[in-house]
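Colleague: Sharing a structure below in structure tokens format, with a few things to ask.
Residue numbers (the working numbering), protein chains in the order written: chain A, 191 to 479; chain B, 219 to 776.
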């Protein structure tokens with residue numbers, strides 16, 4: 191257990207005062223402290239949007255890249271240095287819209303990373319357009335007749351595709367979110383949390399509206415059962431269910447076989463040596479018969 | 219001995235490439251340099267493809283268009299390519315075509331005498347071995363090796379097919395085939411541009427390549443994947459080119475030399491990533507194997523149409539390097555330079571090749587490994603206090619640490635950032651300082667790039683200026699023009715951005731030779747140097763520039 195203060199840095203936070211993003215930031219600090227991860231052992235990777243600024247507000251290594259492209263960058267980092275705790279911090283527009291293809295294939299690849307999606311059902315930084323998760327009919331700045339295309343249900347998709355860890359969290363329930371994050375980071379392979387994060391500036395409902403509807407999964411819930419997990423992700427009732435929907439053994443983690451069968455030494459160590467085998471390889475192009 | 223050009227033509231899937239590769243390997247085994255070049259349609263079966271093998275006393279790594287021997291596997295191929303034969307050429311095909319031809323119904327013989335049409339290719343190889351006056355025994359050994367895993371029956375059927383083809387031509391060609399290739403004591407590497415590029419990257423210490431398959435670049439990652447266990451390189455087929463470039467950037471950030479490879483359309487998708495590498499100052503090597511555009515263009519053909527695109531790739535202003543290797547030996551060293559310079563200057567290096575370069579197999583006497591060595595930049599983290607990833611320095615290069623390798627935190631940002639790597643909107647000093655830092659690296663790069671190669675310049679009346687893979691054709695064209703009484707020198711660029719400091723001799727008449735219609739090199743040179751360029755010899759029909767093409771265009775120019 192580390193001290194929470196250890197993760198504080200002195201970068202001015204650009205989020206709106208009172209934004210539930212602060213809850214996510216604090217939950218992440220808490221989770222890292224609980225896991226005893228020192229700042230230099232952590233690498234946060236993000237794209238663009240309000241969520242993607244989070245890595246700057248927490249003391250750690252960070253790569254704040256392009257809109258939608260955090261997962262490929264994190265995949266590259268994780269292949270090269272599996273000892274880093276690599277966490278993608280992204281939003282619904284960043285991850286499900288611009289980066290949708292990478293999310294899909296990230297799940298297939300199953301690198302040992304954690305993906306935190308701040309889902310506020312809106313494009314906040316560009317001032318209130320609909321996102322891939324905005325509910326049907328809700329009016330947004332560009333969707334003046336209301337949203338006409340149905341929202342994506344990415345947790346359900348992820349479960350269907352056997353993502354080994356799928357959860358929903360709520361930015362306003364820090365304690366529970368921190369627990370989920372700890373489990374997600376511990377999970378080997380890709381772990382994914384869709385975090386409900388009400389937008390207090392552009393959103394339709396106040397935070398209290400969400401708080402009234404949040405319902406944690408009960409003690410008896412079995413995240414190992416894929417069908418009930420899928421039901422949980424698809425359910426349409428009066429509640430927003432939070433907790434670990436699905437958790438399964440990690441299967442083949444990306445690059446594990448490479449590390450076992452091709453080289454057991456870290457790539458970073460190999461990187462400093464020239465490949466003397468080149469001379470053998472060159473001679474392949476001379477031995478014709 | 220005059221150079222011999224053997225042209226093998228047939229439908230996709232008929233074995234044109236297999237015949238070509240086995241034959242060119244056999245010729246090389248006899249001690250003669252070969253240059254082979256293939257021209258193919260964007261399909262897996264059918265159509266009309268060709269594989270041409272140029273054989274000479276000395277290596278001339280440039281294509282010949284006319285055929286001394288045409289081997290056509292079907293009538294359509296015969297009709298399409300017979301126009302490339304000359305008065306003294308020999309045609310080997312499924313039907314007679316004039317006096318100087320030998321009829322071999324490959325499939326029928328294979329079916330009736332050998333036991334299946336599958337052996338038609340081996341009959342063709344035997345026929346060519348005989349026509350070229352080569353020794354059949356080493357080819358038999360090769361056939362045994364290739365098919366040994368498939369069992370004794372398959373081996374003996376192939377040997378029978380080889381001898382069948384060898385026998386028919388031996389009996390019928392008589393004086394038609396004057397060629398003799400006795401085995402001699404000379405050795406060459408026979409290697410494609412893509413393979414040599416991949417080897418150079420591996421020698422440079424590249425440990426990570428992510429790419430999306432796109433002709434003609436695919437051979438690079440394919441080759442590296444096939445030898446990954448021997449060199450220790452991680453290869454990944456990405457879901458698209460955007461993922462490919464971003465994965466490579468992630469891998470590089472995490473501390474290894476990383477690259478990606480693509481062609482025009484895929485490169486277009488990577489452009490935002492190029493800008494990202496420029497902004498985050500992450501070393502990255504990108505291979506752009508050109509093919510004709512716009513859009514999908516001619517997927518399997520060649521062009522030099524993306525020079526200005528490559529130089530200007532990436533929104534915003536930052537320093538980058540653009541290299542254009544000329545042949546396999548050159549690219550082997552260029553890749554080491556590419557990785558060294560990408561790491562030293564912490565930026566993007568684009569390596570421009572093309573389909574002709576990527577797919578052709580060249581004969582190289584010696585790669586001279588060791589002439590260029592991987593030069594790793596290391597920073598001792600222990601002596602650093604208050605680490606700043608983007609610390610301002612005189613030459614714009616900041617100490618680059620690797621995340622997780624020390625207590626220091628490494629922060630990289632695509633937003634404008636301060637010295638620590640955190641987002642900034644301080645327009646008064648931080649933002650312009652960072653912009654200057656990124657741009658000023660160009661000064662250092664300018665001092666690192668190599669000047670163009672000068673060939674036969676002193677006595678020249680006219681000078682051909684070219685770049686990249688046309689070097690062999692330029693040298694051969696200069697030789698052809700000498701016979702016409704014209705002294706043509708050559709200035710050949712392989713490092714194109716930033717352009718090196720160079721003085722073009724004042725008293726020469728310059729011609730720019732390019733595989734594009736705009737004269738992109740010509741435009742670039744005029745904007746950067748004091749130079750008058752008299753004319754442009756351009757080719758943009760998807761075929762490579764040959765010496766004969768340069769000569770003809772030169773004489774046709776007013």
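Cβ atoms here follow ideal geometry from the backbone N, Cα and C, with glycine treated the same way.
Three or more C-beta pairs under 8 Å: does that hold for the stretch 482–500 of chain B against the stretch 530–543 of chain B?
Modeller: Two segments are said to touch when three or more pairs of C-beta atoms, one from each, lie closer than 8 Å; by this definition the stretch 482–500 of chain B touches the stretch 530–543 of chain B.
Colleague: Across which residues does DSSP place residue 236 (chain A) in a beta bridge pair?
Modeller: A:254, A:279
Colleague: In this structure, what does DSSP give as the bridge partners for residue 253 (chain B)?
Modeller: B:272
Colleague: Suppose contacts are defined by Cβ-Cβ distances below 7 Å. Is residue 587 (chain B) in contact with residue 554 (chain B) by that definition?
Modeller: no
Colleague: What's the gap between the Cα of residue 600 (chain B) and the Cα of residue 214 (chain A)?
Modeller: 34 Å
Colleague: Within its chain, find whatever has a CB closer than 7 Å to the CB of residue 347 (chain B); leave out the 5 residues flanking it on each side and keep chain order.
Modeller: 244, 354, 357, 384
Colleague: Figure out for me which residue from B:539, B:756, B:765 has the closest Cα to the Cα of residue 527 (chain B).
Modeller: Nearest C-alpha to residue 527 (chain B): B:539.
Colleague: Taking all protein chains shown into account, decide if residue 466 (chain A) is buried (16 or more other Cβ within 10 angstroms of its Cβ) or exposed.
Modeller: So residue 466 (chain A) counts as exposed.
Colleague: Below 7 Å CB to CB, which residues in the same chain sit around residue 777 (chain B) once its five sequence neighbours on both sides are set aside?
Modeller: This structure gives no information on residue 777 (chain B), because the portion of chain B shown stretches from 219 to 776.
Colleague: Contact check, residue 392 (chain A) vs residue 314 (chain A) under 8 Å by CB: the rounded distance?
Modeller: 6 Å
Colleague: Would residue 627 (chain B) count as contacting chain A if we go by Cβ distances under 7 Å?
Modeller: yes
Colleague: Would you list, in chain order, the members of the stretch 336–367 of chain B that have their beta-carbon closer than 9 Å to a beta-carbon of chain A?
Modeller: 356, 357, 359, 360, 363
Colleague: State the start and end residues of the unbroken beta strand (DSSP E) segment that holds residue 399 (chain A).
Modeller: No beta strand (DSSP E) contains residue 399 (chain A), which is instead part of the alpha helix (DSSP H) from 397–403.
Colleague: Taking residue 201 (chain A) as the query, report the chain B residues whose CB atoms sit under 7 Å from its CB, ordered along the chain.
Modeller: 640
Colleague: Quick one: what's got a C-beta closer than 6 Å to residue 355 (chain A)'s C-beta in the same chain, skipping five residues either side?
Modeller: Excluding its 5 nearest sequence neighbours in each direction, residue 355 (chain A) has C-beta neighbours in its own chain below 6 Å: 374, 377, 381, 437, listed in chain order.
Colleague: For the pair the stretch 215–229 of chain A and the stretch 246–256 of chain A, tell me if three or more CB-CB distances fall below 8 Å.
Modeller: yes
Colleague: Looking at C-beta atoms only, is the number of pairs between the stretch 359–368 of chain A and the stretch 337–350 of chain A that lie closer than 8 Å three or more?
Modeller: Output reads no: the stretch 337–350 of chain A does not touch the stretch 359–368 of chain A.
Colleague: If you draw a straight line from the C-alpha of residue 441 (chain A) to the C-alpha of residue 301 (chain B), how long is it?
Modeller: 59 Å
Colleague: Going along chain A, which residues have a C-beta under 7 Å from residue 621 (chain B)?
Modeller: 233, 251, 274
Colleague: Taking residue 468 (chain A) as the reference, which of B:296, B:478, B:450, B:481 has the closest Cα?
Modeller: B:450
Colleague: Give me the subset of the stretch 270–298 of chain A whose CB atoms are less than 8 Å from a CB atom of chain B, sorted by chain position.
Modeller: Those would be 270, 271, 273, 274, 291, 292, 294, 295, in chain order.
Colleague: Using a C-beta to C-beta distance shorter than 9 Å, which residues of chain A count as neighbours of residue 244 (chain B)?
Modeller: For residue 244 (chain B), the chain A residues whose C-beta falls within less than 9 Å of its own C-beta are 478, 479, listed in chain order.
Colleague: Determine, using beta carbons only, whether residue 547 (chain B) and residue 585 (chain B) come nearer to each other than 7 Å.
Modeller: yes
Colleague: Any beta carbon from chain B within less than 7 Å of residue 184 (chain A)'s own beta carbon?
Modeller: Chain A is shown from 191 up to 479; residue 184 (chain A) falls before or after that span and cannot be answered.
Colleague: What separation, rounded to the nearest whole angstrom, lies between the Cα atoms of residue 567 (chain B) and residue 594 (chain B)?
Modeller: 16 Å
Colleague: With a threshold of 7 Å between beta-carbons, can residue 247 (chain B) be considered close to chain A, or not?
Modeller: yes
Colleague: Less than 7 Å between CB atoms is the rule here; does residue 425 (chain A) satisfy it with respect to chain B?
Modeller: no
Colleague: Give me the chain A residues within the contact set of residue 181 (chain B), using Cβ-Cβ distance strictly less than 7 Å, ordered along the chain.
Modeller: No statement about residue 181 (chain B) is possible, as the shown extent of chain B runs from 219 to 776 and does not include it.
Colleague: Give me the chain B residues within the contact set of residue 394 (chain A), using Cβ-Cβ distance strictly less than 9 Å, ordered along the chain.
Modeller: Within chain B, no residue comes near residue 394 (chain A); the closest Cβ sits about 29 Å away, beyond 9 Å.
Colleague: Can you tell me which residues form a DSSP beta bridge with residue 729 (chain B)?
Modeller: B:682, B:753
Colleague: If the criterion is Cβ atoms closer than 7 Å, does the pair residue 379 (chain B) and residue 341 (chain B) meet it?
Modeller: yes
Colleague: Evaluate the contact criterion for the stretch 329–340 of chain A versus the stretch 406–425 of chain A: three or more CB pairs, one atom per stretch, below 8 Å.
Modeller: no
Colleague: Would you check if the stretch 466–473 of chain B and the stretch 507–517 of chain B touch, i.e. whether three or more CB-CB distances between them fall below 8 Å?
Modeller: no
Colleague: Throw me the rounded Cβ distance for the residue 268 (chain B) and residue 256 (chain B) pair, which I believe falls under 8 Å.
Modeller: 7 Å
Colleague: Quick one, which of B:695, B:737, B:712 has its alpha-carbon nearest residue 770 (chain B)'s?
Modeller: Among B:695, B:737, B:712, the Cα nearest to that of residue 770 (chain B) belongs to B:695.
Colleague: Beta carbon of residue 493 (chain B): closer than 6 Å to some heavy atom of the ligand MG?
Modeller: Judged by which ligands are present, the structure shown has none, so any question about the ligand MG falls away.
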